[in-house]
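Novice:
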Amino acid sequence: MNSKTDPAAEPMVARDATYHRAPDALRERLRAGLAREAGAADRSRPWGFLAMAASFAAVALVTWNLALLNGAPGADELMARDLVNAHVRSLMIEGHLNDVVSSDQHTVKPWFAGKLDFAPPVVDLANAGFALAGGRLDYVNARAVAVLTYRYRQHVVNVFIWPEAGEVEPRASSRQGFSVVQWTHGGMRYSAVSDAAAAQLFALAEALRAQGAG
Amino acid sequence: MTRLARFEKSVLPHLDAAYNLARWLTRNDHDAEDVVQEAYLRAFRFFDGMRAGDARPWLLAIVRNAGYSWLEKNRPAEVVALDDAGLIASDVETAGHAAPAESNPEVIMLQSANRKLVNQALEEIPVGYREVVVMRELEDLSYKEIAAIAGIPIGTVMSRLARGRELLRRVIEVRMRKAS
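Protein chains in written order, with my numbering: chain A, 1172 to 1385; chain B, 2 to 181.
1. How about Pro-1341 (chain A): is its C-beta nearer than 8 Å to some C-beta of chain B?
2. Whether or not the region 170-179 of chain B and the region 130-146 of chain B are in contact is what I'm after, with contact meaning three or more pairs of Cβ atoms, one per stretch, closer than 8 Å; do they touch?
3. On the DSSP bridge list, what partners appear for Ile-154 (chain B)?
4. In terms of alpha-carbon separation, which member of A:Trp-1333, A:Thr-1278, A:Val-1327 lies closest to Ser-1350 (chain A)?
5. Work out the CA separation of Ala-1363 (chain A) and Leu-169 (chain B) for me, nearest whole Å.
6. Compare the C-alpha of Ser-11 (chain B) against each of B:Val-172, B:Arg-76, B:Asp-55 and name the closest.
7. For the region 1337-1347 of chain A against the region 1286-1303 of chain A, do three or more pairs of beta-carbon atoms, one drawn from each stretch, fall closer than 8 Å, so that the two count as touching?
8. Just the Cα atoms here: how many angstroms apart are Met-159 (chain B) and Glu-1335 (chain A)?
9. Check distances from the C-beta atoms of the region 1179-1204 of chain A to those of chain B and list, in chain order, the residues that come in under 9 Å.
10. Hey, quick one: how far does the alpha helix (DSSP H) through Phe-1283 (chain A) stretch, first residue to last?
11. Given 8 Å as the limit, is there contact between the region 1262-1279 of chain A and the region 1308-1320 of chain A, that is, 3 or more CB pairs closer than that?
12. Distance cutoff 8 Å, beta carbons only. Does Tyr-1310 (chain A) sit that close to anything in chain B?
13. Between A:Gly-1337, A:Ala-1374, A:Ala-1367, which lies nearest to His-1356 (chain A) when the distance is taken from Cα to Cα?
14. So with Cβ pairs under 8 Å, would you call Asp-32 (chain B) a contact of chain A?
15. Counting beta carbon pairs with one atom in the region 1193-1200 of chain A and one in the region 29-39 of chain B, are three or more of them shorter than 8 Å?
16. For Arg-1324 (chain A), return the contacting residues in chain B, with the cut-off set at a CB-CB distance below 7 Å.
17. Should Ser-181 (chain B) go down as buried or exposed, given a rule of 16 or more other Cβ atoms within 10 Å for buried?
18. Around the C-beta of Met-1359 (chain A), are 16 or more other C-beta atoms found within 10 angstroms, so that it is buried, or is it exposed?
19. Mind checking the region 1327-1352 of chain A against chain B and listing, in chain order, the residues whose C-beta falls within less than 8 Å of any C-beta there?
20. Spatial neighbours of Leu-1375 (chain A) within its chain, please: CB distance less than 6 Å, with the 5 preceding and 5 following residues excluded, ordered by chain position.
21. Beta-carbon separation of Ala-23 (chain B) and Ala-33 (chain B) under 8 Å?
22. Examine the ligand ADP and report whether any of its heavy atoms sits within less than 7 Å of the Cβ of Tyr-41 (chain B).
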């Protein structure tokens, strides 16, 4: 930096900048907060033994399927393939991505009215870095679904939405270099697909929930 | 092992990294603690989506997100869009004006001069450059990991890192000139 300075005395980030270590009090508070959070989640699932029974049943079913079908792909994997195909198709030709092009949720939401037998929640997430780009109809999982498109930096994110019961936390998979994050909440199944990192799609899931959707 | 026990085993050990990033994003102990608490609760909620072995970058992406949400809400002026193709001269000017220089020569002469100089300079540069410098230099993350955490291409990580270092050098030079 300064030719007259002894290089050893030159300021350097790696050596001179402070590495801020977490205070012990914070660690303790986090532990307590997480225990509360875990306790709340357990209490909201009094049917825990049923879930366990169901998971045994699921394991049995999967084993049986594997035995029968010799490694046929699971439902989630088939779904991810469907979703990635739709995502790729949407980007192949100019104009495939959106049927309605607008960053205004009040323009996109009414566009779906009368085209589907459900009303997808439409929110702009520009504050979280995901700018609403528009929407379209698509056909996956043997039904017509709503697709919201978002721009995240130079990435396009397709969010497929259709009605589905249950609550399933977001989970990630990847296919042909695309990330797929799927979750079920508030009566809707959401599947976000993009070439952006899965972590970004989790951020999108989180932002949707913060907006009262997703 | 319960979900909580698994979380404590794989994610809690990265608390220092989470705090360090939050602290450099917010530049304040108290706000960093708020961001880390929020991030950990989110991380716990989304824990089932984490791939094995990815805990640190995965957690840092959530911390970064929580940090930016916090900044946008509390100090929106600090979150500026970076012109990744533009020149950096204007950034240097902005950085130079962001905070009054600590120009007491005696302070600079202390043994901890470099430490103080670097810390102050790092706090002064725009957060978009600061975060990549912190992740690279203090957390030793790879370009690829930083790209995934910040959601930017690897090329942009490299150019922001180069510009961040350049900005730091200039801010430090200005401060040294003022001090002498």
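We put the beta carbon where it would ideally sit given N, CA and C, even for glycine.
Specialist: Judging by the given coordinates:
1. yes
2. no
3. Position check: residue 154 (chain B) holds Pro in this sequence, whereas Ile was assumed. Looking at the DSSP assignment, Pro-154 (chain B) forms no beta bridge with any residue, so it has no partner.
4. A:Val-1327
5. 38 Å
6. B:Asp-55
7. no
8. 43 Å
9. Ala-1180, Glu-1181, Pro-1182, Met-1183, Val-1184, Ala-1185, Arg-1186, Asp-1187, Ala-1188, Thr-1189, Tyr-1190, His-1191, Arg-1192, Ala-1193, Pro-1194, Ala-1196, Leu-1197, Arg-1198, Arg-1200, Leu-1201, Arg-1202, Gly-1204
10. 1276-1283
11. yes
12. no
13. A:Gly-1337
14. no
15. yes
16. Gly-152, Ile-153
17. exposed
18. buried
19. Glu-1340, Pro-1341, Arg-1342, Ala-1343, Val-1352
20. Phe-1301, Ala-1363
21. yes
22. Looking for the ligand ADP in the displayed structure turns up nothing, as the structure carries no ligands at all.
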